[in-house]
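In this text, residue positions in the sequence shown follow our numbering: the first is 218, and each later residue adds one.
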Amino acid sequence: MTTAAPGTVSRSAEAFTEGAPRRTPSRRRGSRGRPARRRPGRSTSLTVAMGLMLAYTLIPLLWLAISATKSNQTLFDSPGLWFGDGFHLFENIQDVFTYDHGIYLRWFGNTLLYSVVGAGGASIIATMGGYALATYEFVGRRVLSAVVIGAISIPASALAVPTYLLFSDMGIVNTPWAVLLPSLASPFGLYLMRVYATEAVPDAMLEAARIDGAGELRIFLTISLRLLAPGFVTVLLFTLVATWNNYFLPLIVLNDPELFPLTVGLRQWDSLAQGGAGAGATPILPLVITGSLLAIVPLIVAFLFLQRFWQSGLAAGGVKQ
């Protein structure tokens, strides 16, 4: 057995090292050879801005929830963001439901009617119209799309007086139709569904269904509507919040308290509270606060129930295959 001299081994290793390509430092790579993504650093200014926005949103809700547990006396004697002596929430709720022969329940039913019919109808119309604009080629398609975009830029307050005059000529002022008919038109929902349908409904799938002999209505109901469901829920949430919080239009077209929604009715109670309800009368301000708290509960429940469909729709729209 022969052993190489130490000098020979050193020279051979040195020659091998000089001949081999030198490895340069490279960025860390992932499991499949891709450069590892750097975690985005936290922005202090962005965090502070988000915290301020969160506080701006939650502090009024916190004040509303705490104030609804106070009596009329402790409402002014205790700090705004802390509880007073005693817990009067259930008493206030009972007073809300029984005051003025239970008119609050009537307002709640009116708001539910206006919101369900208006938001549901607007979402259906927006889904059908957006699907048609995204799928079919017809004369005036671009003009109609431009009209929809232009309608988004028109504020609702600018149409209030013309709407009132038109409904007055039609004889439907001070009726539920005066609130329901304008709620069915949602230019923003129509535009949103047009954009969503363009990405969510593949043309190849529609052509395959037509080749198989399916009609356009059947294609829409059995194929397209399922693909558009997340977008439909998104439009439904937007229109539901808008119709539930609608104040200016009902204030103009309605003058019968039996037809008021919650927004107009609670504003009427607030006017009584500011002017005084008379000696010996039930204090109105705790009823306004408790009624406002009860008015936002259905929206919270609806959002919690529909948010999983909304989140899936946002995720599906954000990934393009």
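No residue lacks a Cβ here, since even glycine has one placed at the ideal position from N, Cα and C.
In this text, all values refer to a predicted model and were calculated from it rather than measured experimentally.
Check, Outcome
"Leaving out the 5 sequence neighbours to the left and right, which residues in its chain are closer than 8 Å to residue 369 when beta-carbon positions are compared?", "404, 405 and 408"
"Identify, in the order they occur along the chain, each residue of the same chain with its Cβ nearer than 6 Å to the Cβ of residue 347, setting aside the five sequence neighbours on each side.", "407, 410, 411 and 414"
"Taking buried to mean at least 16 other C-beta atoms within 10 Å of its own C-beta, is residue 264 buried or exposed?", "exposed"
"DSSP on residue 405, reduced to helix/strand/coil?", "helix"
"For residue 481, which of 492, 500 and 461 has the nearest alpha-carbon?", "461"
"Which residue wins for smallest C-alpha separation from residue 449, given the options 514, 336, 317 and 366?", "336"
"By DSSP, does residue 460 sit in helix, in strand, or in coil?", "helix"
"Exposed or buried, residue 395, counting other C-beta atoms within 10 Å across all chains shown (16 or more means buried)?", "buried"
"For a test of the three-state rule: what should DSSP assign to residue 524, helix, strand or coil?", "helix"
"Taking 9 Å as the CB-CB limit, is residue 346 close to chain D?", "The chain labelled as chain D is not found in the depicted structure, where only one protein chain is given."
"Does the stretch 462-474 come close enough to the stretch 370-388 to have 3 or more Cβ pairs within less than 8 Å?", "yes"
"Can you grab the Cα-Cα spacing for the pair residue 285 / residue 339, in whole Å?", "34 Å"
"DSSP three-state label for residue 433, please.", "helix"
"Ignoring anything shorter than 4 residues, give me the alpha helix (DSSP H) runs that lie fully in the stretch 468-511, in order along the chain.", "479-492"
"Helix, strand or coil, according to DSSP, for residue 316 in the structure here?", "coil"
"Rounding to the nearest angstrom, what Cα-Cα distance links residue 358 and residue 352 in this structure?", "11 Å"
"I need the straight-line Cα distance from residue 524 to residue 345, nearest angstrom please.", "22 Å"
"Give me, in chain order, the residues of the same chain whose beta-carbon lies closer than 8 Å to that of residue 436; leave out the 5 immediate sequence neighbours on both sides.", "423, 426 and 427"
"By Cβ distance below 7 Å, which residues in the same chain neighbour residue 281 in space, the five residues on each side in sequence not counted?", "506, 509 and 510"
"Here's the rule: buried if 16 or more other CB atoms are within 10 angstroms of the residue's CB, otherwise exposed. What is residue 273?", "exposed"
"Would you report the Cα separation of residue 401 and residue 342, rounded to the nearest angstrom?", "8 Å"
"From residue 384 to residue 327, what distance separates their C-alpha atoms?", "19 Å"
"Determine the burial state of residue 262: buried for a count of at least 16 other Cβ atoms within 10 Å of its Cβ, exposed for fewer.", "exposed"
"Secondary structure at residue 518, three-state DSSP: helix, strand or coil?", "helix"
"With a Cβ-Cβ cutoff of 9 Å, do residue 503 and residue 318 count as a contact?", "no"
"What is the DSSP secondary structure of residue 236, reduced to helix, strand or coil?", "Summary for residue 236: the model assigns pLDDT 47, below 50, so the residue's position carries little reliability, and this model does not support an answer."
"Candidates 310, 307 and 279: which alpha carbon is nearest residue 298's?", "279"
"Could you tell me the distance, in whole angstroms, from the CA atom of residue 320 to the CA atom of residue 438?", "41 Å"
"Please list the terminal residues of the continuous alpha helix (DSSP H) segment that includes residue 268.", "261-284"
"Within a Cβ cutoff of 7 Å, which residues of the same chain sit near residue 519, ignoring the five residues on either side of it in sequence?", "457"
"With a Cβ-Cβ cutoff of 9 Å, do residue 417 and residue 445 count as a contact?", "yes"
"Buried or exposed: where does residue 332 fall if 16 or more other Cβ atoms within 10 Å of its Cβ makes it buried?", "buried"
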